[in-house]
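The structure under discussion appears below in the form of structure tokens.
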Amino acid sequence: MLCPKSTIPKKIETDSYLLCTGETDLERLTILNDLYNPSSLDFLKIESGMKILTIGCGVGLLEIELAKKVGAKGEITATDISSLQLAIALENKEKASVPNLTFKELDVAQLNLISEQFDRVHCRFVLSHMPWESIKKLLPLLMSKLTSGGALVLEEVSNMDSLGCEPFSEAYELWKTFVHMQFDVQGSDHSPGRRLYEYLQEQGYDFVYQTHQPKLKQKREKKILSLGIRSLAPGFIEKKRASSEQILDAMEQLKILEEDPNIIPVYTEVSQFFIKRSKG
Ligand SMILES: C[S@@+](CC[C@H](N)C(=O)[O-])C[C@H]1O[C@@H](n2cnc3c(N)ncnc32)[C@H](O)[C@@H]1O
């Protein structure tokens, strides 16, 4: 049986970002934070008292952890282009009681409106949604927001080749087709992490690199697959890349995958870059 029509949300908020924002994407982003936050927090090398700027903070769950880690003497400034994401982030902040976390509605391209400098600038799964030319242009702007000795931490999709499922699953292959289509519609590179690695090396940046790829073992974790398609649905329908029937069918197939404890898919491999700004 197909899901009821109401499972397809109505609209996307911005043209440049294809996924839904606000309440519609909350559950997906919550699962995403559960899957990636431990590795991000470890990789960021946070110390008490640090000042941190985050770009495209979404619903602010990582930022709450960062605010706790830097303690009362530290400060987190979290930015996002979407007022809907920020409204939820603010609610999450209030529940967590972290006064040292503030939010600003800002497109990453307008970063110069922030005059301060930070010990860490962090950006996760934001640049991946942009064309490569935009990423290249943003790098010096992001670096310019660092204090001497600070670091820019980028965590972006490695590539699509690393997506796989054990055992083979038609439903997972269908999900992969939608992910490829997302990157095509966005006009973004299918291997942003790999491309960033080559570019940073070529340009002589001083950086540490590692990857992290979660396995989706629990039913709740696997739900991120169908929630992703649901979040992309309005954009795909608007741009005539898929019909609501195709979307509902894919979500239904993924629900069967979720229920089967013997199917273990992997989720997006993230390329993690710790790019140092030299002292002095
Ligand atoms: C996939 S979500 C990731 C959220 C968060 N970084 C995380 O890992 O949980 C991408 C976020 O980037 C934001 N975003 C998209 N384009 C942006 C832009 N040009 N400037 C700032 N934020 C942007 C979206 O609104 C969304 O909240």
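Going by the working numbering, the first residue of the sequence shown is number 28, and it counts up by one from there. Where a beta carbon is used, it is the ideal one built from N, C-alpha and C, also for glycine.
Taking 7 Å as the cut-off, is the C-beta of Ser258 nearer than that to any heavy atom in ligand 3?
In terms of ligand content, the structure shown lacks ligand 3 and carries ligand 1 instead.
Among Met208, Glu197, Gln213, Asp211, whose alpha-carbon lies nearest the alpha-carbon of Ile290?
As a first step, residue 290 is located in the sequence shown; it is residue number 263 there, counting from the start. The residue with the shortest Cα to Cα distance from Ile290 is Glu197.
With 16 as the cutoff for other CB atoms within 10 Å, does Asn139 come out buried or exposed?
Taking the first residue of the sequence shown as 1, we reach residue 139 at position 112. Exposed, because fewer than 16 other Cβ atoms sit within 10 Å of the Cβ of Asn139.
Tell me, please, whether the segment 213–223 touches the segment 266–285 by the rule of three or more beta-carbon pairs shorter than 8 Å.
Contact between the segment 213–223 and the segment 266–285 is absent: fewer than three C-beta pairs spanning the two stretches fall below 8 Å.
Between which residues of its own chain and Gln209 is the CB-CB distance below 7 Å, once the five residues before and five after are set aside?
Here residue 209 refers to the residue found at position 182 of the sequence shown. Excluding residues within five positions, the ones whose Cβ falls inside 7 Å are Leu45, Leu259.
Tell me, which residues are paired with Leu179 by DSSP?
Residue 179 sits at position 152 when you count from the first residue of the sequence shown. In the DSSP output, where bridge partners are listed per residue, Leu179 has Val148, Ile302.
Could you check where the alpha helix (DSSP H) with Ile91 kicks off and where it finishes?
On the sequence shown, position 64 is the one that residue 91 refers to. Ile91 -> alpha helix (DSSP H) spans 88–97.
Taking just the CA atoms, how far does Thr129 sit from Leu88?
For the purposes of this step, residue 88 is taken as the residue at position 61 of the sequence shown. For the purposes of this step, residue 129 is taken as the residue at position 102 of the sequence shown. Taking the straight line joining both Cα atoms gives about 13 Å.
If we call anything under 8 Å between Cβ atoms a contact, is Pro241 one with Leu62?
Counted from its first residue, the sequence shown places residue 241 at position 214. Counted from its first residue, the sequence shown places residue 62 at position 35. Yes, these two residues count as a Cβ contact at 8 Å.
Return yes when at least one heavy atom of ligand 1 lies under 7 Å from the C-beta of Phe152, else no.
Your numbering for residue 152 matches position 125 in the sequence shown. True, at least one ligand heavy atom lies under 7 Å from that Cβ.
From Glu193 to Ser171, what does the alpha carbon distance come to, in whole angstroms?
Your numbering for residue 193 matches position 166 in the sequence shown. Your numbering for residue 171 matches position 144 in the sequence shown. Straight-line Cα distance between these residues: approximately 43 Å.
Below 8 Å between beta carbons: does that hold for Leu169 and Val184?
If you number the sequence shown from 1, residue 169 lands on position 142. If you number the sequence shown from 1, residue 184 lands on position 157. The answer is no: Cβ separation not under 8 Å.
For His207, I'd like the list of residues in its chain whose CB is within less than 8 Å of its CB, leaving aside the five on either flank, ordered along the chain.
The residue labelled residue 207 in the question sits at position 180 within the sequence shown. Taken in chain order, the residues that qualify are Met187, His217.
State whether the segment 248–264 contacts the segment 152–163, with contact taken as three or more CB pairs (one from each stretch) at a distance under 8 Å.
No, the segment 248–264 does not touch the segment 152–163.
Determine the contact status of Thr327 and Thr106, defining contact as a CB-CB distance below 8 Å.
Residue 327 cannot be examined here, being either before or after the span of the chain that is shown, 28 to 307.
Per-residue burial, Pro31 [other beta carbons within 10 Å of its own, 16 or more giving buried]
By 1-based counting over the sequence shown, the position of residue 31 is 4. Residue confidence is low: Pro31 scores 40 on pLDDT, short of 50, so the model does not pin down where it sits. Its coordinate-derived value is still stated next. Looking at its Cβ environment, which holds fewer than 16 other Cβ atoms inside 10 Å, Pro31 is exposed.
For Phe300, which of Ala114, Lys100, Glu285, Phe152 has the nearest alpha-carbon?
What you label residue 300 is simply residue 273 of the sequence shown in a count that begins at 1. Nearest of Ala114, Lys100, Glu285, Phe152 to Phe300, Cα basis: Phe152.
For a quick check, are the C-beta atoms of Lys163 and Tyr226 less than 8 Å apart?
Your numbering for residue 163 matches position 136 in the sequence shown. Your numbering for residue 226 matches position 199 in the sequence shown. Contact: yes.
I think Gly191 touches Val293, with their Cβ atoms under 8 Å apart; what is that distance to the nearest whole Å?
One-based indexing of the sequence shown puts residue 191 at position 164. One-based indexing of the sequence shown puts residue 293 at position 266. Indeed, because the Cβ distance is near 6 Å, the residues count as touching under 8 Å.
Contained alpha helix (DSSP H) runs [length at least 4] in the segment 178–240, N- to C-terminal order
197–213, 219–229
Could you spell out the range, first to last residue, of the beta strand (DSSP E) harbouring Glu132?
In the sequence shown, the residue the question calls residue 132 occupies position 105. Segment 128–132, the beta strand (DSSP E) holding Glu132.
Simplified DSSP assignment, three categories, for Val293:
Translated into positions along the sequence shown, residue 293 becomes position 266. Strand.
Kindly list the residues whose CB is nearer than 8 Å to the CB of Ile115, restricted to its own chain and excluding five residues on each side of it in sequence; keep chain order.
Position 88 of the sequence shown holds residue 115. Counting only Cβ-Cβ distances below 8 Å, and skipping sequence neighbours, we find Gly49, Glu50, Leu53, Val86, Gly87.
Please find out if some non-hydrogen atom of ligand 1 comes closer than 7 Å to the beta-carbon of Ile73.
Here residue 73 refers to the residue found at position 46 of the sequence shown. No, the beta carbon of Ile73 sits no closer than 7 Å to any heavy atom of ligand 1.
Since I believe Asp146 is in contact with Ile79 (beta carbons under 8 Å), could you give me their beta-carbon distance rounded to a whole number of angstroms?
For the purposes of this step, residue 79 is taken as residue 52 along the sequence shown, with counting starting at 1. For the purposes of this step, residue 146 is taken as residue 119 along the sequence shown, with counting starting at 1. Confirmed, Cβ separation roughly 6 Å.
For Lys163, the first and last residue of its enclosing alpha helix (DSSP H):
On the sequence shown, residue 163 is found 136 positions in, with the first residue counted as 1. 159–170 is the span of the alpha helix (DSSP H), which, as asked, contains Lys163.
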